[in-house]
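Student: In my numbering, the protein residues as written are 919 to 1346. Every residue gets a Cβ at the ideal spot worked out from N, C-alpha and C, and that includes glycine. Bear in mind the structure is a predicted one, so any value in this text is a computation, not a measurement.
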C-alpha cells in the first residue's frame, strides 16, 4: 500500500500515485480514504468500502456480490494500471479500516474529488424542500409531516400554483398534538429561488400523466420526455446554487430521471461535460420502495411466496426491468418470476379499479424511504452503479453511501440484475 497526505487527509492507494507528493506513514485517524480508478463520467464518485475487492471493482454490479469481487486472501492480486499488470497487496491498516466501516473510496479521475476529503456526516435534523404539491407531493408531504419530527427540522414547499401551496401550508400548520406543538416539522411556502437552500431536495414534479382508462401500456416511460425537460431545468439550478445536499427523484420514470439530473448538472453553458455539478452519489432515485412493498403485499397473501418476507430482495428500476427475488439463500426462478410479474403489474390493477396508483408510491417510495435515508438506515433506492441508477438496498453512512454486499448472488438472479442495467442503459 502507498499512503499520501492530501490537504491534511489520509489517502491510501494500491499503486503509486503521481503528483500527490511524498509518501507518508499509514494514518491513525478515524477517517480514511482510498484512491480507486474509475471513469470520470460513468464511474461512482465515492462510496463506503465494505469489501477489499471493491478497491479494484467498486463501480460495477459485482460490488453487490462478494463472490464476484477480486479476492485478496487467495494470494497475490494484480490489476491493470495504465495498461500494465501490477501486483499488489492489502495491508492490515486498510483491512482494519474496512472492518471498522471507516474507509471511503474516492474516484480520483472525477473533477472535484478533493472536496470530499473534508466532508463530514452530520446526524442533526435536516431541511427538506419539495417541488410540486400534487397528488403524490401532498401525500408525501403529509407522511413527512407526521413521521419526520426526529429527522426533519422544517419542510419547504414549492409549486407553480400559489393557491396549492397556500392550501397545504394552511392544512399542515393545523396538524398538531395538543400541548406538544413542536413535535412535527413546520411547513412553509418557498419560492423557486429557495429550492436548493436545503439538505434534501425532493423532485415530485410531473407532466403529462396518461389518464386512467388510456391505452398506454408503459405509463412511466410515457412521462420520460416531458419530465426529463423539467428535471434538466432544476438540475442546472442545483449546479448554479452549488448544491451539496441530496437530489431525490420521485417522479416517473424514477431511475432515468435520476441519471438525467446527474448528467445535466455536470454540463457547462455550452452543453459540455465538466464534472462540476452534482456528484453521482448526491442523486438517488426513490421508486424501489413501493415495488418492494408491493412484493411483500403479494407474499403475505400466498404461502408459496412467503419466503420473500424474510429472505427476499428487490433489484432494478421502478417498472420494466425490475426483478424480485423470492430468496437469496433459497432462490427459486419460477417463484421469483411470478412475484416479479405481480409486482410490476400492480399499478395497472389499480388503474383497472378506476384510480391513479399514487398513494402507496408517495408513502413507500417517498416519505418512508426518504426518512430512512435521512436517518442513515437501510432502504430501497436507486444509486449509481454500472453507469446507471440501479435500485438496491443501501444506506448513507459517515463513510459514504453503502450498498448491501451479499455473500453470493445466484447466477440466474445476477443475470436479471445485469439485464435491468442494460435496459436502463438503453434509455439513457
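Using the C-alpha atoms, what's the distance from residue 1028 back to residue 959?
Tutor: Roughly 7 Å between the two C-alpha positions.
Student: Under 8 Å, do residue 962 and residue 971 count as touching if we go by C-beta distance?
Tutor: For residue 962 and residue 971, no; Cβs fall outside 8 Å.
Student: Output the residue ranges of the alpha helix (DSSP H) runs that lie fully inside the segment 1198-1263 and measure 4 residues or longer, sorted by chain position.
Tutor: As far as the segment 1198-1263 is concerned, its whole alpha helix (DSSP H) runs of at least 4 residues are 1206-1218, 1226-1229 and 1251-1262.
Student: Am I right that residue 1326 and residue 1320 are in contact with their C-beta atoms under 8 Å? What's the rounded C-beta distance?
Tutor: Not quite, the Cβ-Cβ distance comes to about 19 Å (not below 8 Å), so this is no contact.
Student: Please state whether the Cβ-Cβ distance between residue 1121 and residue 1161 is less than 8 Å.
Tutor: Taking 8 Å as the Cβ cut-off, residue 1121 and residue 1161 do not qualify as a contacting pair.
Student: Go ahead and label residue 1110 buried or exposed: buried means 16 or more other beta carbons lie within 10 angstroms of its beta carbon, across all protein chains shown.
Tutor: The residue is exposed, with fewer than 16 neighbouring Cβ atoms inside 10 Å.
Student: Are the Cβ atoms of residue 927 and residue 1023 separated by less than 8 Å?
Tutor: No, these two residues do not count as a Cβ contact at 8 Å.
Student: Would DSSP call residue 1343 helix, strand or coil?
Tutor: Of the three classes helix, strand and coil, the one that applies to residue 1343 here is helix, per DSSP.
Student: Taking the C-alpha atoms as reference points, what is the distance between residue 1149 and residue 1178?
Tutor: So the alpha carbons of these two residues sit roughly 7 Å apart.
Student: Compare the C-alpha of residue 1077 against each of 1032, 1051 and 1071 and name the closest.
Tutor: Nearest C-alpha to residue 1077: 1051.
Student: Quick one: what's got a C-beta closer than 6 Å to residue 1279's C-beta in the same chain, skipping five residues either side?
Tutor: Only 1208 meet the Cβ criterion.
Student: How would you write the range of the beta strand (DSSP E) that residue 1318 sits in, first residue to last?
Tutor: Here the beta strand (DSSP E) through residue 1318 covers 1318-1321.
Student: I'd like to confirm the pairing. Which residues does DSSP put opposite residue 1308 in its beta bridges?
Tutor: BP columns for residue 1308 point to 1301.
Student: The beta strand (DSSP E) spanning residue 1165 covers which residue range?
Tutor: Taken as a continuous stretch (DSSP letters only), the beta strand (DSSP E) holding residue 1165 covers 1164-1167.
Student: Between the Cα of residue 1189 and those of 1198, 1151, 1220 and 1163, spot the shortest distance and give me the residue it belongs to.
Tutor: Looking at the Cα atoms, 1151 is the closest of the given residues.
Student: Between the segment 1296-1308 and the segment 1054-1069, are three or more C-beta pairs nearer than 8 Å?
Tutor: Result no; under three Cβ-Cβ pairs closer than 8 Å.
Student: If you drop the 5 nearest sequence neighbours on each side, which residues of the same chain put their C-beta closer than 8 Å to that of residue 982?
Tutor: Closer than 8 Å at the Cβ level, and outside the excluded window around residue 982, lie 1303, 1310, 1321, 1322, 1323, 1324, 1327 and 1335.
Student: Exposed or buried, residue 1032, counting other C-beta atoms within 10 Å across all chains shown (16 or more means buried)?
Tutor: The residue in question, residue 1032, is exposed, as its Cβ has fewer than 16 Cβ neighbours within 10 Å.
Student: Any heavy atom of the ligand ZN closer than 7 Å to the Cβ of residue 1059?
Tutor: The ligand content of the structure shown is nil, which means the ligand ZN is not present either.
Student: Please list the terminal residues of the continuous beta strand (DSSP E) segment that includes residue 950.
Tutor: 950-954 is the extent of the beta strand (DSSP E) around residue 950.
Student: Got a sec? Which residues, its chain only, sit under 8 Å from residue 1194 by beta carbon, not counting five neighbours each side?
Tutor: Excluding residues within five positions, the ones whose Cβ falls inside 8 Å are 1029, 1030, 1157, 1184 and 1186.
Student: Taking the straight line between their C-alpha atoms, what separation do you get for residue 1247 and residue 1230?
Tutor: Distance between the alpha carbons of residue 1247 and residue 1230: 9 Å.
Student: Could you please give the first and the last residue of the uninterrupted beta strand (DSSP E) stretch that includes residue 920?
Tutor: Where residue 920 is concerned, the enclosing beta strand (DSSP E) stretches over 920-924.
Student: Output the boundary residues of the alpha helix (DSSP H) element that contains residue 1172.
Tutor: Its alpha helix (DSSP H) spans residues 1172-1183.
Student: Who are the Cβ neighbours of residue 1315 in its own chain at under 8 Å, not counting the five residues just before and after it?
Tutor: Once the five neighbours on either side are set aside, the close Cβ partners of residue 1315 are 966, 1019, 1039 and 1294.
Student: Just checking my contact of residue 1047 with residue 1142 at CB under 8 Å: how many whole Å lie between their CB atoms?
Tutor: No, residue 1047 and residue 1142 are not in contact; Cβ-Cβ is about 24 Å, not under 8 Å.
Student: Which of helix, strand or coil does DSSP assign to residue 1327?
Tutor: Here residue 1327 sits in coil by DSSP.
Student: Could you compute how far the alpha carbon of residue 1260 sits from the alpha carbon of residue 1222?
Tutor: Using only the alpha carbons, I get a separation of about 14 Å.
Student: Label residue 1044 either buried or exposed according to how many other C-beta atoms from any shown protein chain fall within 10 Å of its C-beta, with 16 as the threshold for buried.
Tutor: Under this definition residue 1044 is a buried residue.
Student: Please name the residue, chosen from 1086, 1117, 1097 and 978, that lies closest to residue 1041 on a Cα-to-Cα basis.
Tutor: It is 1117 whose Cα lies nearest to the Cα of residue 1041.
Student: Would residue 1277 and residue 1060 be called neighbours here (beta carbons separated by less than 8 Å)?
Tutor: No, they are not a contact pair.
Student: Should residue 1125 be labelled buried (16 or more other beta-carbon atoms within 10 Å of its own) or exposed?
Tutor: Exposed, since its Cβ has fewer than 16 Cβ neighbours within 10 Å.
Student: Spell out the partners DSSP gives residue 1108 in its beta bridges.
Tutor: None; residue 1108 has no bridge partner.
Student: Determine which residues share a DSSP beta bridge with residue 1059 and list them.
Tutor: Partner(s): none; residue 1059 has no beta bridge.
Student: Going by C-alpha distance, which of 1172, 1192, 1082 and 1210 is nearest residue 1201?
Tutor: Cα-wise, what sits closest to residue 1201 is 1172.
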